[in-house]
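Chains as they are written, first to last, in this note's numbering: chain A, 19 to 170; chain B, 19 to 170; chain C, 19 to 170; chain D, 19 to 170.
No residue lacks a Cβ here, since even glycine has one placed at the ideal position from N, Cα and C.
Protein chains: 4
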Amino acid sequence: MAPFEPADADYETRVRESFARQRIMATLGATLGRVAPGEVEILLPYRPELSQQHGFFHAGVTATIADSAGGYAAYSLYPADASVLTVEFKINLLAPADGERLRALGRVRKPGRTLTVCDIEVFVEKAGREKPCATLLQTMMRLDGRPDRPAG
Amino acid sequence: MAPFEPADADYETRVRESFARQRIMATLGATLGRVAPGEVEILLPYRPELSQQHGFFHAGVTATIADSAGGYAAYSLYPADASVLTVEFKINLLAPADGERLRALGRVRKPGRTLTVCDIEVFVEKAGREKPCATLLQTMMRLDGRPDRPAG
Amino acid sequence: MAPFEPADADYETRVRESFARQRIMATLGATLGRVAPGEVEILLPYRPELSQQHGFFHAGVTATIADSAGGYAAYSLYPADASVLTVEFKINLLAPADGERLRALGRVRKPGRTLTVCDIEVFVEKAGREKPCATLLQTMMRLDGRPDRPAG
Amino acid sequence: MAPFEPADADYETRVRESFARQRIMATLGATLGRVAPGEVEILLPYRPELSQQHGFFHAGVTATIADSAGGYAAYSLYPADASVLTVEFKINLLAPADGERLRALGRVRKPGRTLTVCDIEVFVEKAGREKPCATLLQTMMRLDGRPDRPAG
């Protein structure tokens with residue numbers, strides 16, 4: 019994969035500030051990991067409060083951190099005055115999300131002026147070993163002239 | 019759409035008990051609405067703790083209740099000793115989830131012995147008016163001989 | 019579903035002319051059926067030359083007419099100087115496409131300035147009876163100022 | 019990605035014979051390239067008869083060879099008496115399929131007893147240079163005890 023050039027040198031600050039405004043992330047207990055141009059990682063430790071009926075991470079929780087990981091991967095390449103919107107994504111669950119931690123790794127597959135396509139991989143860690151538990155293909159939209167950061 | 023015959027007369031109890039074991043639903047504040055054969059509704063009032071960076075419901079939260087609405091629509095048609103697993107879903111976001119409440123309506127499109135395909139519509143209510151905010155196409159898998167309910 | 023107002027009164031001519039330029043349609047033997055604002059139908063009689071290894075319509079053939087049915091449903095609502103591009107679609111195969119004819123019915127689910135979301139249903143007719151064999155959820159993009167019709 | 023062990027040593031013959039029975043492939047002019055355990059390549063030279071309205075490969079043609087590339091990647095890992103069925107796939111079009119040849123590369127992402135998840139990349143070659151034009155995420159189903167090869 020080609021390395022990406024961020025349009026805004028301050029991309030990491032923008033990503034971290036926007037993530038901090040996603041209150042669902044604190045509600046779930048998710049934190050931002052590595053932020054690089056076109057690549058963003060989100061981590062989520064297990065709690066029973068995040069579970070489906072068998073005690074594993076709910077697929078929607080997996081989808082939530084994956085959607086943000088892909089969204090911020092796209093956003094990291096945007097100019098400073100643009101914001102980001104999820105158009106759609108598809109998720110395949112590859113294995114039960116049974117473990118102590120999820121890690122979502124979002125990567126830009128194809129950047130574009132209006133639409134950016136991202137791949138997201140989600141891994142579940144159990145007893146110190148990580149394995150893939152979900153894969154997503156996602157389309158993000160750039161909204162120019164609408165900074166993500168609230169005015170004021 | 020053809021009406022569906024549930025394989026187990028006690029389907030509603032099974033759905034409601036399984037939903038109650040999905041601890042993420044209580045964490046989000048989601049409740050189960052109508053449960054009919056092949057059709058299940060989930061409701062979720064707004065709280066800032068569920069939001070993305072602009073204050074709307076996060077797309078992953080929308081996906082979470084939609085995934086369960088479709089999953090339980092499939093599960094409502096299963097025999098008593100089967101459990102349900104999400105294979106995959108695709109979600110299109112149709113409008114910002116900006117409002118006081120989400121309502122996800124999951125419906126079986128095509129039941130099958132192993133795989134069931136569901137449609138899920140999600141509506142956002144604002145100032146007493148509902149509009150569609152997301153649509154999903156989902157594939158669920160039936161696991162026979164593995165009751166959802168934990169042995170005890 | 020709300021009825022749609024076409025932006026260009028001449029939408030049907032535009033759709034029929036563009037379809038006639040899709041040479042794959044003649045290669046497969048597909049014809050355009052009903053064209054209404056936001057709704058387009060494509061028909062395809064069976065020939066062994068369209069088959070997968072068991073003699074049924076290949077899933078890609080089903081996807082081909084479905085993609086065009088959805089694309090032209092979106093295009094029917096566009097202004098005269100715009101063209102249409104498939105961003106992505108997801109297809110679920112609901113039953114073997116075993117029969118004498120396919121019928122794809124594309125419908126706009128949510129029109130938008132840039133992106134339009136469509137539902138497409140594909141039916142297979144066998145011995146005079148039609149049944150659903152595939153369902154698609156598709157995202158189309160509008161390119162303004164780039165008429166579909168070649169200059170000259 | 020882990021290398022895969024084929025369940026049937028004769029996997030390549032089975033894949034090549036089944037591909038030869040997909041009559042749509044000859045109709046389009048597609049040929050089978052490399053066949054390895056869990057990885058299958060399909061090639062398709064351009065002809066105007068395969069085009070959409072602007073003269074490029076139709077997205078459905080891209081989807082057709084991609085679906086078979088992924089399907090045969092899954093099938094290459096199956097036991098000899100099993101056949102393969104597409105459950106669903108999602109395709110993102112990354113660039114116009116404008117060129118002299120398409121190449122679809124299907125790879126198993128996650129093999130399973132019943133369901134196998136595949137990634138497919140499609141490249142378009144123009145003036146001797148290849149670039150990605152589509153990416154797919156696909157779910158295939160294994161039907162045991164139903165050999166692909168017709169009896170007799």
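Check whether residue i and residue j have beta carbons under 8 Å apart
i, j, result
"residue 140 (chain B)", "residue 92 (chain B)", "no"
"residue 158 (chain A)", "residue 104 (chain A)", "yes"
"residue 29 (chain D)", "residue 94 (chain D)", "yes"
"residue 152 (chain B)", "residue 80 (chain B)", "yes"
"residue 60 (chain D)", "residue 48 (chain D)", "yes"
"residue 6 (chain B)", "residue 124 (chain B)", "Lying outside 19 to 170, the shown extent of chain B, residue 6 (chain B) is not represented and no answer is given."
"residue 138 (chain D)", "residue 122 (chain D)", "yes"
"residue 12 (chain A)", "residue 24 (chain A)", "Any question about residue 12 (chain A) goes unanswered here, given that chain A covers just 19 to 170."
"residue 149 (chain D)", "residue 115 (chain D)", "no"
"residue 90 (chain A)", "residue 135 (chain A)", "no"
"residue 143 (chain D)", "residue 106 (chain B)", "no"
Proximity to residue i [Cα-Cα], best of the options
i, options, result
"residue 120 (chain B)", "B:83, B:106, B:70 and B:132", "B:83"
"residue 68 (chain B)", "B:45, B:134 and B:113", "B:45"
"residue 71 (chain A)", "B:47, B:106, B:34 and B:64", "B:34"
"residue 162 (chain C)", "C:150, C:111, C:131 and C:142", "C:131"
"residue 37 (chain D)", "C:106, C:73, C:111 and C:90", "C:73"
"residue 98 (chain D)", "D:21, D:147 and D:27", "D:27"
"residue 128 (chain A)", "D:128, D:111 and D:147", "D:111"
"residue 39 (chain D)", "C:147, C:75, C:85 and C:41", "C:75"
Within chain C, the residues that residue i reaches when beta carbons sit closer than 8 Å
i, result
"residue 133 (chain A)", "105 and 159"
Simplified DSSP assignment, three categories, for residue i
i, result
"residue 147 (chain C)", "strand"
"residue 161 (chain D)", "strand"
"residue 132 (chain A)", "coil"
"residue 65 (chain B)", "coil"
"residue 137 (chain D)", "strand"
"residue 101 (chain A)", "strand"
"residue 34 (chain A)", "helix"
"residue 46 (chain B)", "helix"
"residue 39 (chain A)", "helix"
"residue 92 (chain A)", "helix"
"residue 51 (chain D)", "strand"
"residue 124 (chain D)", "strand"
"residue 7 (chain B)", "The structure shown does not extend to residue 7 (chain B), since chain B is modelled only from 19 to 170, so the question has no answer here."
Per-residue contacts from residue i into chain B (C-beta, under 7 Å)
i, result
"residue 127 (chain C)", "153"
Within chain A, partners of residue i - CB distance below 7 Å
i, result
"residue 112 (chain D)", "128 and 135"
"residue 85 (chain B)", "77 and 78"
Contact list for residue i against chain B, beta-carbon separation under 9 Å
i, result
"residue 144 (chain D)", "Correct list: empty, because the minimum Cβ distance to chain B is about 30 Å."
"residue 82 (chain A)", "76, 77, 78, 79, 81 and 82"
Partners in chain C for residue i, counting only beta-carbon separations shorter than 9 Å
i, result
"residue 67 (chain D)", "41, 42, 44 and 45"
"residue 166 (chain D)", "71 and 72"
Closer than 8 Å at the beta carbon, the chain A residues around residue i
i, result
"residue 108 (chain D)", "108 and 155"
Within chain D, the residues that residue i reaches when beta carbons sit closer than 8 Å
i, result
"residue 36 (chain C)", "71"
"residue 116 (chain C)", "Correct list: empty, because the minimum Cβ distance to chain D is about 12 Å."
Distance between beta carbons of residue j and residue i, contact taken as under 8 Å
i, j, result
"residue 155 (chain B)", "residue 133 (chain C)", "So it is not a contact: roughly 17 Å between Cβ atoms."
"residue 52 (chain A)", "residue 96 (chain A)", "No, residue 52 (chain A) and residue 96 (chain A) are not in contact; Cβ-Cβ is about 18 Å, not under 8 Å."
"residue 65 (chain D)", "residue 166 (chain D)", "Contact doesn't hold; Cβ gap of about 28 Å is too wide."
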